[in-house]
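Take a look at the structure set out below.
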Amino acid sequence: MKPTALQLGIRRRQIGCLCAAVALLASSPASAHPHVWATVRSEIVFGPDHKIIGIRQAWTFDEFYTAMAIQGLDTNGDGVYSKEELAPLAKVNVESLHEFGYFTFVHFGDDNKPLPLGAPKDYWVEYQDPVSTLHFTLPLKTPLDPRPRPVAVDVYDPTFFVAFGFAKKDPVKVSGSIPADCKVELEKPDAEAAADAKALTEAFFSQLGPNSNFGSQFAQTVNITCKK
Amino acid sequence: MRVSIRTALLACFVLMISIVGAAAQPAPPSAFGASPGASPSAPTPPSDTQSPPPAFSAPQAAPLHAPGLVGAFFSWVVDTQQKMQRELAGGVKRLKTGNPFIAAVGLAGLSFLYGVVHALGPGHGKTVISSYVVANEETVRRGVMISFAAAAIQAMTAVTVIGVFAIALNASGLTIKAWSLQLESASYALIALVGLWLLINQLRGLWRRWRPAPALAAAGAGGPQIDLDDHDHEHGHAFSQGGHSHDHDHHGHHHGDDEACHHIVEAKDVSGPMSWHKIAAVVFSVGIRPCSGAILVLIFALTQGLFWAGVAATFAMAFGTALTVAALAVLALGSRELALKLGGTSGAWVNGVWTACAIGGATLILLFGATLFAASLGPARPF
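Chains as they are written, first to last, in this note's numbering: chain W, 1 to 228; chain V, 229 to 611.
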């Protein structure tokens, strides 16, 4: 049946609205835009009773961020940025990381809520021209036995201001006494993973707004799995 | 008729492609020696191989991957930005080691490209400027001019911040970051205020338009409300056929479609004629936020003892960000025009589009500024 002139008019207006929406979306902030790059090396620390007691992080920052971070901190002017001179930087870094969950999310089995982490210990910044590395140890509030259920550790910034990526070489290590049947390994990104329509939509809209969860799609996971 | 709808759909599709293109084109993958789909099995070598290798070799991260097609696109965007940033660092260093002229030209080109891509991130006035030009009767030329002015002021703010804090005061990076964040907060607050101001102006225009005639006449006699009207009616002149252009205060709005033309004139008047005050407010509110990319380049250049190169790079970068912002503003204006055309000649439609653009654009600026301002008061970022 031939559409009436009125129907056509309405349809054209719908298209017009669509174009206007496109115009607005075009100007929306895109968050695929990290300002800082960090190369992650994580160490899963086991206690003597074979439980995970914490995660030792070493995050190496890019040259630009490093230049910014160490600016003005060579307080004795000897051209060397010593551990002591960089101590205030390390302190501010780890203290403000608290609000962001240390960008480290430990999941036990299928639990959605990450496990609580204690205040970071043994933190310092190491400057090795041209980059700097923040070292710190995050204790688990309660030591965790990985044998009943697998443990996953994600390192990412949900807002993607910082792009965290695990190192190509030695991304994860184990220290302490890991149970005999357990292994710690970095999950390979699944390039074949087909995103369904919902995920696509979420990925698109998650970049809008300051409370975005854009970074989660780039999250890399360390899996601690044990044979039953 | 069906053909015209298809054409319209095609136009929308082309628009969407051009948005993606705007993100993709400035950074042709070949320029950085990696294909977009670089697989993890074939990692690209670090791009700063020209500089003498330091005794210590920094750990390199594997490229990031997000699932799905959209994820692959974002991954490529992120990867390209990292490569650009490394190239930029290399470009500054080559000023000391390589041929200074070639290195300077190279650095300017790189900074420009970096700016084009960098502007896609938040904080460069894309939303504010696009919304502003759509909500007001601005031309493409003015949209471009506003984008360039805002980028230039952002660059000057960045140079001033680094000049004062890093050079004059030898302040620490933490202090500089704190001041940048203060300026960012102030910028968002001002953006919200500008949005509010535009919205009030436009609602007032709308109110004048829909007010019944007798009340209007009374208000006209009352005087002060009329004084609030800062429109110069230049559009009335452009569209006038006979003596109608200055008659706003005297018609009610009970006309039939035969008088649609008058509606067009009035709807456009709601969005307001060009005003230097408004433009200055938009440019200033966006401009007092120092460009984050420029801050990084300036400090990096400073550590290399090449502050002047950082300043030059900052302005090359501002040129790049201005181009991106201007392109999006033009795109937004084009979409408005398309929306106007697609609706046909009906006065009510044209009126509706103008009203929606005027109110919607101002509201968007207000909400955008307010949301980002609120977010900027949150906990300070660690890095």
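From the three backbone atoms N, C-alpha and C, an ideal C-beta is built for every residue, glycine too.
Bear in mind that the values here come from a model prediction, so they are computed numbers and not experimental data.
Name the DSSP bridge partner or partners of residue i?
i	result
W:H135	W:A58, W:W124
W:F105	W:D154
W:E185	W:N223
W:I52	W:F46, W:L144
W:R41	W:A58
W:G165	W:T39
V:A289	W:A167
W:L117	W:L140
W:K173	W:E43
Compute the beta-carbon to beta-carbon distance between residue i and residue j, rounded to the nearest angstrom, for a pair I have assumed lies under 8 Å.
i	j	result
V:P518	V:S375	Not quite, the Cβ-Cβ distance comes to about 17 Å (not below 8 Å), so this is no contact.
W:Q220	W:F161	With 8 Å as the limit, W:Q220 and W:F161 do not qualify as a contact, their Cβ atoms being about 17 Å apart.
V:V356	V:L561	In fact, because the Cβ distance is near 14 Å, the residues do not count as touching under 8 Å.
W:P218	W:Y156	The residue asked about is misnamed: residue 218 of chain W is Phe in this sequence, not Pro. The Cβ separation is near 6 Å, so the contact holds.
W:G109	V:N398	Not quite, the Cβ-Cβ distance comes to about 51 Å (not below 8 Å), so this is no contact.
W:K168	V:A290	5 Å
V:A522	V:A386	4 Å
V:V345	V:R564	Contact doesn't hold; Cβ gap of about 26 Å is too wide.
V:H293	V:S285	Actually they are not in contact, since the Cβ atoms of V:H293 and V:S285 sit about 24 Å apart, beyond 8 Å.
What in chain V is Cβ-close to residue i, meaning under 7 Å?
i	result
W:I224	Ordered by position in chain V, no residue passes the 7 Å Cβ test against W:I224, which lies about 20 Å from the chain.
W:K169	P287
Do residue j and residue i count as a contact pair if the criterion is CB distance below 8 Å?
i	j	result
W:G101	W:P88	no
V:A557	V:S358	yes
V:A336	V:A541	yes
W:T142	W:F214	no
V:L348	V:T552	yes
V:A590	V:L338	no
W:S132	W:V45	no
W:Y65	W:A90	no
W:D145	W:K51	yes
W:V151	W:S42	no
V:P610	W:L97	yes
Counting only beta-carbon separations shorter than 8 Å, does residue i have a partner in chain W?
i	result
V:G326	no
V:P610	yes
V:G548	no
V:G343	no
V:I587	no
V:I527	yes
V:F260	Any answer about V:F260 is weak, because its pLDDT of 36 lies below 50 and its placement is not dependable; what the coordinates show is given next. V:F260 does not count as touching chain W.
V:Q278	Confidence is the limiting factor: at V:Q278 the pLDDT is only 46, short of 50, which leaves the residue's position unreliable, though a coordinate-based value still follows. False, the Cβ-Cβ gap to chain W never drops below 8 Å.
What residues from chain V crowd round residue i, counting only those whose CB sits closer than 8 Å?
i	result
W:V131	A286
W:W37	A289, Q310, Q313
W:Y65	L524, F611
For a contact defined as C-beta to C-beta under 9 Å, what are the partners of residue i on chain V?
i	result
W:I70	S400, G401, T531
W:Q57	Result: empty, since nearest Cβ-Cβ is about 12 Å, beyond 9 Å.
W:V92	L402, A608, P610
W:L89	S400, G401, L402
Using a C-beta cutoff of 8 Å, does residue i count as contacting chain V?
i	result
W:D78	no
W:P29	Confidence at W:P29 is low in this model, with a pLDDT of 42, below 50, so the placement of that residue is unreliable and no value is reported for it.
W:E43	no
W:S175	no
W:D62	yes
W:L97	yes
W:T221	no
W:F100	yes
W:K51	no
Starting from the beta carbon of residue i, find every residue of chain W whose beta carbon is closer than 7 Å, and list them in chain order.
i	result
V:S520	H35
V:L292	A163, G165, F218
What does residue i touch in chain W if you count any residue whose Cβ is under 8 Å from its own?
i	result
V:A394	Q71, G72
V:F376	Chain W residues near V:F376: none, gap ~17 Å exceeds 8 Å.
Interface residues of chain W around residue i at Cβ under 9 Å?
i	result
V:A317	D62, E63, F64, A67, P130
Let me see if you follow: with CB-CB separation under 8 Å, is residue i close to chain C or not?
i	result
W:K121	In the displayed structure, chain C is absent; the protein chains listed are W and V.
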